[in-house]
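In numbering that gives the first Met the number 0, the protein residues as written are 0 to 76.
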Amino acid sequence: MIVEMHPAYLWDCPECGREKFERSIVVERSPETIAELREDLGIEQWEEGDFVMIPSQVTCDHCQLTFDTHDWRADAE
């Protein structure tokens with residue numbers, strides 16, 4: 000049996016400390032827009048993958064608290 004893997008983000012609940020995973024939001028765009036994004040970002044034709052975004056909020060299923068998220072990649076810009 001083979002399972003399908005999905006992109007996800009790892010986060011730690013600041014309240015209970017549990018390690019959590021949240022599925023990424025896969026960006027659906029037209030083939031033309033994807034081609035423009037690949038060119039703008041310098042992604043080669045042979046490179047594969049999805050364009051993903053982080054969720055704006057996550058909820059811990061243990062302590063039921065919801066937290067805003069921060070994209071660490073934004074700090075590099």
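We put the CB at the ideal spot given by N, CA and C, even for glycine.
- Residue range 30–40 is occupied by the alpha helix (DSSP H) that includes D39, with no beta strand (DSSP E) assigned at that position.
- Going by DSSP, A7 is part of the beta strand (DSSP E) stretching over 7–11.
- In this structure the region 0–14 does not touch the region 31–40; the number of beta carbon pairs closer than 8 angstroms is below three.
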